[in-house]
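To start, the structure under review is shown below, and the notes come after it.
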Amino acid sequence: MTFQAYNTLTRQKEPLEPIEPAKVGFYVCGPTVYDLIHLGNARPLVVFDVLFRLLRLEYGDGNVKYVRNITDVEDKINAVAKERGIAIFELTATTTERFHEDAAALGCLEPTVEPRATAHIPEMITLMETLIARGHAYVAEGHVLFDVPSYAPYGKLSGNSRDEIVAGARIEVAPYKKDAADFVLWKPSTDDQPGWESPWGFGRPGWHLECSAMSHKHLGANFDIHGGGRDLIFPHHENEVAQTCAADPESGFARMWMHNGYLSVDGEKMSKSLGNFHTVRDLLEDWPGEALRFALLTAQYRQPLDFTFDLLKQAKASLDRFYNALAQSAEPAAGPVPDDVLAALNDDLNTPQAISIMHSLADGVFRGEKGAGAALRGAGVVMGLLQSSAKDWFQSGDDDEAGEIEDLIAQRLAARANKDFAEADRIRDALKARSIDLMDGPEGTTWRRT
RNA sequence: GGCCAGGUGGCAGAGUGGUUAUGCAGCGGAUUGCAAAUCCGCGUACAUCGGUUCGAUUCCGGUCCUGGCCUCCA
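First residue of the first sequence? That's 1073 in my numbering, and the numbers climb one at a time after it.
Structure follows, in structure tokens:
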């Protein structure tokens, strides 16, 4: 089964044809580690994690290389570190650690390689030297700038031409730029800013340059897929293409570009600058990470998705249904991923379709179909869902409390045996007030947190 | 202004040139001491106007509306 996806570059759905037939490599822009990630940032994380899982099934775990960078030098980092009065290294280290915790809570596998920008300064310097030598970059007042007019295909990815970009520019053009569309590769640093010695003086890299250097080092001049949020198409990805391809005429950079749609709030993009965001960390206080992940997968990745608490509620309800099915089928181990689930995901990551199939597998479990539970859990493997036990899903929390609950259940069973239903209901209601539901079944009484 | 998306039932959200997924919520019933879970049954949708077609929600064109990028942004 061949994976196909909508390619932003060609604006059509295309089958994936890896450069090396048995291997796939892809690059996804990771976070700039100046602050906690919000749920909008989590969308590409989860979407491309599903892609990673899917490709690993198809090509084998060892044949898929997923590169997701950490941007740990960037002006926003400097500003936040200064504001909090802490060292830049301290800020990036703790933020990176929290990012890893959040990603794990969302059920994401670790990428194959997670390069940090600050560990690739020599590669960036080499890249700039090549660009200058080839006439695609120039030095001005301690800056190194990319010469946009020197690179004719500029604008191919975003659909913007150089002229249109300049005409729509909303900011003043720095005086040292030869052309209004030129962008910074390297800029001078003062003593209180992070910086490295370079042929052009003490300075630091521009954001776009970092990703070009890292993707080139870990995937080469040509690779299969580049992913990221739609908002990165211009200028970030456009500039990555320009830098890499201008430096190396043999380079085609990424063959396929996959861009996820936005997560919105009340119809507007969730973003730090609008202030309408919910951090993953905050949401994890009240919601299981798996419910957050599920919510992000309820829409196909290219579609806009509007965040509401009702969305999370519905995600949790669906997971409750799946875990009910797994509990009922005696917690089966995962079987192979069902073919129709693979087919859905191979068609441009149609996760809503896959979820729909999972619902019909749950139906199968409730109907008593053999193997349906294993198939359901198998589907969960590629979706990154349903890997806990139903018991953990429903009962996770304070272990000391669990003993007390069991005691109350025993008291209630005694009351029921005596037909003292008033007392039995009193105990049920008391637990319900603590968000604990009791269920009487043929095997006895079980409980869950709601 | 340029470029790029999106408008499907109460909500979320797939899909399709002709019988219109799936889940949640709602209603009725079964089951239950009462519940929960489960099962059975029920309901309103495809922004708008034209065109193509035997037939369009689905293809083409116009219009309206919403959002995004062009500055940092997943």
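No residue lacks a Cβ here, since even glycine has one placed at the ideal position from N, Cα and C.
Assignment of Gly1300 by DSSP, reduced to helix, strand and coil, places it in the strand class. For Ile1160, the CB contacts under 7 Å within the same chain, skipping 5 residues up- and downstream, are Ile1149, Asn1150, Ala1153, Pro1266 in chain order. DSSP, read as helix, strand or coil, puts Asn1141 in coil. Ranked by how close their Cα comes to the Cα of Glu1169, the residues Glu1186, Glu1155, Gly1157 have Glu1186 in first place. Beta-bridge analysis with DSSP links Ala1077 to Glu1086. When beta bridges are read from the DSSP output, Ile1508 appears opposite Arg1521.
Rounded to whole angstroms, the separation of the alpha carbons of Ile1297 and Ala1077 is 10 Å. Relative to Phe1325, the option among Phe1349, Trp1279, Tyr1210, Gly1299 whose CA is nearest is Gly1299. Here Tyr1223 has His1208, Ala1314, Cys1317, Ala1318 as same chain residues with Cβ atoms under 8 Å from its own Cβ, once five neighbours each way along the sequence are excluded. Between the stretch 1352–1361 and the stretch 1138–1148, the count of C-beta pairs closer than 8 Å stays below three; the two stretches do not touch. Ranking Pro1408, Ile1477, Leu1291 by CA distance to the CA of Ala1444 puts Pro1408 first.
As summarised for the stretch 1157–1181, the continuous alpha helix (DSSP H) elements at least 4 residues long and confined to that stretch are 1160–1177, given in chain order. Counting along the chain, the unbroken alpha helix (DSSP H) around Met1430 starts and ends at 1423–1439. Contact annotation: the stretch 1459–1468 touches the stretch 1393–1408, with at least three C-beta pairs closer than 8 Å. Considering only Asp1107, Glu1089, Lys1095, the residue with the shortest C-alpha distance to Ser1345 is Asp1107. For secondary structure counted as the beta strand (DSSP E) over 3 or more consecutive residues, the stretch 1432–1489 holds no complete run. Under DSSP, Asp1254 shares a beta bridge with no residue.
For Met1286, the enclosing alpha helix (DSSP H) stretches over residues 1279–1291. Per DSSP, Val1100 is one residue of the beta strand (DSSP E) stretching across 1096–1100. Take the alpha-carbon of Glu1478 and the one of Lys1491: they are about 20 Å apart. Contact between the stretch 1361–1372 and the stretch 1447–1461 is established, with three or more Cβ pairs separated by less than 8 Å.
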